[in-house]
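Just so you know, the sequences run in chain order A and B. So the first sequence is numbered by our numbering: it starts at 1 and just counts up by one. So the second sequence is numbered by our numbering: it starts at 1001 and just counts up by one. All C-beta atoms in this analysis are idealised placements derived from N, C-alpha and C, irrespective of residue type, glycine included. Written out below as structure tokens is the structure these notes cover.
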Amino acid sequence: MERIYANRKFIIIGLFLLVGTIFVARLFYIQIIADKYILSANNNVLRYITQYPARGLIYDRNGKLLVYNEAAYDLMVIPKQVKSFDTLELCSLIGISKEEFIDHLKKARNYSPFRPSIFEAQISRENYGFLEEKMFSFPGFFVQPRTLRKYTYPAAAHTLGYIGEVSPELILKNPYYRSGDYIGISGIERSYEELLRGKKGMKIQVVDVFNRPKGSFQHGKYDTTAFAGTDLYSSLDIELQLYGEKLMAGKKGSIVAIEPSTGEILCMVSSPSYDPNLLVGRDRRKNYVKLSQDSVIVPLFNRAEMAMYPPGSTFKLVDALIGQQEGVLGPDTRYACPGGFSLGNGKMVGCHSHQSPLNLRESIMISCNTYYCRVFRSIIDKKSFRTTREGYETWRNHVMSFGFGKKLGIDLPGELNGNIPSPGYYDRYHGKNRWTSMAIISLAIGQGEIGITPIQLANLAALISNRGSYFVPHFVKAIGSKDKLNEAFSTKKKSDIDPAYFDIVIQGMEDVVLSGTARASKLDSITICGKTGTAQNPHGKNHSLFIAFAPMESPKIAISVVVENAGFGAAWAAPIASLMIEKYLTRKVKRTDIENNMINGTLNSAAKVIDQ
Amino acid sequence: MFILYLALVFIGWLNIYSAVYNESHQSIVDFSQRYGKQLIWIVAALFLAMLTLLIDGKFYSQFAYLFYGITLLMLVAVLFTGKTISGSKSWFQVGGIALQPAEFAKIGTALAISKYLSIIEIDLKKPRNLLTVTAIILFPALLILLQDDTGSAIVFLAFVAVLYRAGMSGRLMAILVAIPMLAVLSLVMNKFILIGLLLVAAGLYYLYTQRRIQTIIALAVIYIASVGLVFSVDFVFQHVLEQHQKVRINVLLGKESDLKGAGYNVNQSLIAIGSGGVLGKGFLQGTQTKYNFVPEQSTDFIFCTVGEEWGFMGSVLVMGLFISLLIRIVMVAERQRSRFSRLYGYGVASIIFFHFAINIGMTLGLVPVIGIPLPFFSYGGSSLWAFTILLFIFIRQDSYRYELL
Chain A
1 MERIYANRKF IIIGLFLLVG TIFVARLFYI QIIADKYILS ANNNVLRYIT
51 QYPARGLIYD RNGKLLVYNE AAYDLMVIPK QVKSFDTLEL CSLIGISKEE
101 FIDHLKKARN YSPFRPSIFE AQISRENYGF LEEKMFSFPG FFVQPRTLRK
151 YTYPAAAHTL GYIGEVSPEL ILKNPYYRSG DYIGISGIER SYEELLRGKK
201 GMKIQVVDVF NRPKGSFQHG KYDTTAFAGT DLYSSLDIEL QLYGEKLMAG
251 KKGSIVAIEP STGEILCMVS SPSYDPNLLV GRDRRKNYVK LSQDSVIVPL
301 FNRAEMAMYP PGSTFKLVDA LIGQQEGVLG PDTRYACPGG FSLGNGKMVG
351 CHSHQSPLNL RESIMISCNT YYCRVFRSII DKKSFRTTRE GYETWRNHVM
401 SFGFGKKLGI DLPGELNGNI PSPGYYDRYH GKNRWTSMAI ISLAIGQGEI
451 GITPIQLANL AALISNRGSY FVPHFVKAIG SKDKLNEAFS TKKKSDIDPA
501 YFDIVIQGME DVVLSGTARA SKLDSITICG KTGTAQNPHG KNHSLFIAFA
551 PMESPKIAIS VVVENAGFGA AWAAPIASLM IEKYLTRKVK RTDIENNMIN
601 GTLNSAAKVI DQ
Chain B
1001 MFILYLALVF IGWLNIYSAV YNESHQSIVD FSQRYGKQLI WIVAALFLAM
1051 LTLLIDGKFY SQFAYLFYGI TLLMLVAVLF TGKTISGSKS WFQVGGIALQ
1101 PAEFAKIGTA LAISKYLSII EIDLKKPRNL LTVTAIILFP ALLILLQDDT
1151 GSAIVFLAFV AVLYRAGMSG RLMAILVAIP MLAVLSLVMN KFILIGLLLV
1201 AAGLYYLYTQ RRIQTIIALA VIYIASVGLV FSVDFVFQHV LEQHQKVRIN
1251 VLLGKESDLK GAGYNVNQSL IAIGSGGVLG KGFLQGTQTK YNFVPEQSTD
1301 FIFCTVGEEW GFMGSVLVMG LFISLLIRIV MVAERQRSRF SRLYGYGVAS
1351 IIFFHFAINI GMTLGLVPVI GIPLPFFSYG GSSLWAFTIL LFIFIRQDSY
1401 RYELL
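Here you go:
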């Protein structure tokens, strides 16, 4: 049987030879006849150059440029393409030693022999000029342009924030970013990152085997354009900010100023601060380490929103409003003050000596502790509440409608909630239903477990000046161009206090500055309404607080000042607030003696101390 | 034959060395690099070869079905416990080595069909026998398809040559050959033009041969079947093929130039080979392969290194070696006394030929990108060992020939 088919072997062998011949013919064609492959091979390297768009600029409310970009150049290397060359020349051109050169090249090789990595970051513009001419003699190296952030003024570091290299964890979560890209890490740079960063583009260049660019690949058909970042117009008033930082120099604390009619933040000072330009460029890492490791003054910490303080006497305003709303307080409600408020077990909440009794308006001006302990109790123990818990809950809800106890929702990262303890907290601490208004009496005068942030305080000032309504404080006024207003913060919020009850409180606040606890800080031409506070500090000297708004008739600025470990509110916080108001409303400060005291005085001395 | 084998393996290794060559790794025996590993595989392969030769010749024919069964089991097992590499769940991970049962299944199938066809009364013209042997071939092929390794599955088509030599109807063979050709034509040309041409061909055939009713009927049936084929190819292409497969075919046909995807591979391959010129750029001097522009250049596209560095001369030499090996296998197969050995030999030649034709065809841009290795050249333990065993079983069978006398 086999013999019959034996001849088929020829067909099979024939098939082998046929295929072989076809292949040989094809080889002949592509290797010998066609030129284009040889040419293509030489022109074959595709280099992907990422086009980094310019990051959005940031302006202040008057159009002054705050943050801009400066060109920088990274020297990149593809280790496998590096052939021997005059290394000394390259070293001298970019200003590194031969050892550093070897070290950098080894690092690049460890990263990847085939992929480009940064050989030397941020070469200066002058060096770049000299270098670019000679690039062809350094095979395997090329220059990638970058931009660096620059800050016009050495101020507002916490608010503006800074940018840094994106972390590997974030790259995993968000593939838009590649290793070595920059991203906003704090402040506005972070919260508006998506707008500021624009969109990367990609240019594909054809480079021959010897690393010489030959033009764009397919006439740029596959290139994508980069989109520049969106500019931001902030509500910051840089002159006011600079002034505030000058006043706060050498002290720990913060200043927050808001425009009450819009919620726009005019300035946010956190002291101690630092020059934002320190965290830019080649010295960035060095400076960052220095700043972040300073655990005494913690300069990277934005006290205005990340620090919590007991509000002290400033909180009496809140009690005054809640009391009226709950119907237990009126303009003529009087309480006598025998020097303090008795807690019943021999202890007392002390008060400074003053005339007695006081009505509501006077109680604000004089800041009487006894008065407010009485008011607080009358709210909590109101007959219509069945339990203390119910009374406290009602009180707490009122307080939270002022924006306390939870984040306001400003457009900066890291805002704290603040703390208005929940009823459950006291249940756990004292036992369920086993606490009365006396147990929590320190809340009445803004002490105890209550915690607020300076921005919440400033918001309180704005809220009072608007008779109960406020806009969420924010920095960015307009996006893209001056007219494109930021719609995200245009919702008006209201506290749950009837607007009619605010008048008497405002009058009280006017008195505070005219003849009350802050009378040393009054301005001749402008009516300031304010309230002092002294927050007790178990770790050291008391903190000095002050909130205010001005002018009384149509408020343009609401401000809160916190100076840590500075004693009475009237001693430091009030004068500073007053100077800031003067600066903002008149653009000039005439009371240079007070100014000098604030700037140059140490915290041991003080301006005229007024009895609280 | 042995010499040819050694020559191919050695040259293959040289080219892997070049393809993976990296200036910072100077030592030849660096085992972290592929050429180092391939050296290990080669040594192991030689060892396997020796082992294969030592085993008694009759062993292979007696245990043919057993081998086949074992490879089938491995194919099933890998579906459950296998590792997925490059989209195919076709690998076992054993220690530091990855083994591909599909490669060994080719050996098992070759043995099995040789055994089956060597049964004295077998006549492949009987449909039942034909179907049985087809089933033996298709079974492993389907299992491999389930692994998502279309390339390796297609290789089993090569066995049709064995069937042809074993007495399958010549007409059937002609039809089997005509079908893919027609399919290709229908992808390249406009359907209707093609159908028209077929009509013309049918008409001519009719005119120039006996005009019998049977001829007309047969002609009509063939014509209708062809038209059906043309349309179904079109349908399969549009609706059944996966996107990447479609693209590859289109790239091949010149309808698409997907420079970043499938087209990129072939384009780079052509550039690499084409730039070799007559004499090539020299050992280790291939710029395209040196800078890794050709993807998969140590596995599926290994021939590019040959083309670029050894040029036309070198490429023709390598191809010559392969063709010589194939022809030699066929000649040796013919002089076998036992049907089993002869058919097995054809099995070996078919498989090696199929790999050779598809792989090199792919690098030359003549065949769509189907990922199958070039025997003895492409990097990979499974592939090298499987081909080695495949070949050496046959060498053993050949020497056994003397013992039969």
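Helix or strand or just coil, what does DSSP make of residue i?
i	result
tryptophan 1091(B)	strand
proline 145(A)	strand
glycine 229(A)	coil
isoleucine 12(A)	helix
histidine 1025(B)	Residue placement at histidine 1025(B) cannot be trusted, given a pLDDT of 39 that sits under 50; the coordinates are not used to answer.
lysine 347(A)	coil
alanine 500(A)	helix
lysine 290(A)	helix
glutamine 355(A)	coil
phenylalanine 341(A)	strand
leucine 1079(B)	helix
alanine 1064(B)	helix
valine 513(A)	helix
lysine 1191(B)	helix
leucine 360(A)	helix
lysine 246(A)	helix
glycine 184(A)	strand
aspartate 1030(B)	Residue confidence is low: aspartate 1030(B) scores 48 on pLDDT, short of 50, so the model does not pin down where it sits. Its coordinate-derived value is still stated next. In the structure shown, aspartate 1030(B) sits in coil (DSSP, three-state: anything other than H, G, I, E or B).
leucine 485(A)	strand
Determine which residues share a DSSP beta bridge with residue i and list them.
i	result
asparagine 419(A)	Gly451(A)
glutamate 259(A)	Glu264(A)
cysteine 529(A)	Phe549(A)
threonine 224(A)	Met202(A)
glutamate 189(A)	Paired residues: none, contrary to the question.
alanine 535(A)	His543(A)
valine 269(A)	Ile255(A)
Sorted by chain position, which residues of the same chain lie with C-beta nearer than 7 Å to residue i's C-beta, five sequence neighbours on each side aside?
i	result
tryptophan 435(A)	Thr388 and Tyr426
glycine 530(A)	Met509, Val512, Val513, Ala518, Phe546, Ile547, Ala548, Ala574 and Ala577
isoleucine 96(A)	Glu120
Give every residue of the same chain whose Cβ lies closer than 8 Å to the Cβ of residue i, excluding the five residues on either side of it in the sequence, and list them in chain order.
i	result
histidine 474(A)	Ser235, Gly263, Glu264, Ile265, Ile410, Asp411, Asn486, Ala488 and Phe489
tyrosine 162(A)	Arg149, Gly184, Ile185, Ser186, Gly187, Glu189, Pro276, Leu279 and Val280
alanine 1098(B)	Lys1083, Ile1085, Trp1091, Phe1092, Gly1381 and Ser1382
histidine 430(A)	Ala439
threonine 534(A)	Gly312, Ser313, Asn542, His543, Ser544, Leu545, Gly567, Phe568, Gly569 and Gln612
lysine 583(A)	Glu239, Leu240, Tyr243 and Val589
Take residue i and list the residues in its own chain whose beta-carbon comes closer than 6 Å to its own, dropping the five residues that flank it on each side.
i	result
isoleucine 668(A)	Because chain A here runs from 1 to 612, residue 668(A) falls outside it and cannot be looked at.
alanine 155(A)	Gln241, Leu242 and Glu245
tyrosine 151(A)	Val67, Pro276 and Asn277
alanine 121(A)	Asp74
glycine 201(A)	Gln51, Thr224, Thr225 and Ala226
methionine 348(A)	Gly340 and Ser342
alanine 249(A)	none
proline 260(A)	Ala462, Ser465, Asn466, Pro555 and Ala558
glycine 1203(B)	none
Which residues in chain E have a C-beta closer than 9 Å to the C-beta of residue i? List them in chain order.
i	result
valine 1278(B)	Absent from the structure is chain E; the protein chains it does hold are A and B.
- Item | Segments assigned alpha helix (DSSP H), at least 4 residues, entirely inside the region 67-146 of chain A | Counting only runs of 4 or more, we get 87-94, 98-111 and 125-134.
- Query: Taking only runs of the alpha helix (DSSP H) that begin and end inside the region 1102-1179 of chain B, which ones reach a length of at least 4 residues, in chain order?
  - Reply: 1127-1146, 1150-1155 and 1160-1165
- Query: Between the region 499-508 of chain A and the region 579-598 of chain A, do at least 3 Cβ pairs fall closer than 8 Å?
  - Reply: no
- Message: For a minimum of 4 consecutive residues, which ranges assigned as the alpha helix (DSSP H) are wholly contained in the region 558-588 of chain A?
- Response: 573-586
- Task: Jot down the residue ranges of each uninterrupted beta strand (DSSP E) in the region 1345-1374 of chain B, minimum 3 residues, whole runs only, in chain order.
- Result: If we require 3 residues or more, the region 1345-1374 of chain B turns out to have no beta strand (DSSP E) run fully inside it.
- Message: Tell me whether the region 223-231 of chain A and the region 46-54 of chain A touch, counting them as touching only if at least three CB pairs, one residue from each stretch, are closer than 8 Å.
- Response: yes
- Please confirm if the region 1113-1120 of chain B is in contact with the region 1324-1344 of chain B, defined as three or more CB-CB distances below 8 Å between the two stretches. These segments touch.
- Task: Report yes or no: do the region 1359-1367 of chain B and the region 1169-1180 of chain B share at least 3 C-beta pairs separated by less than 8 Å?
- Result: no
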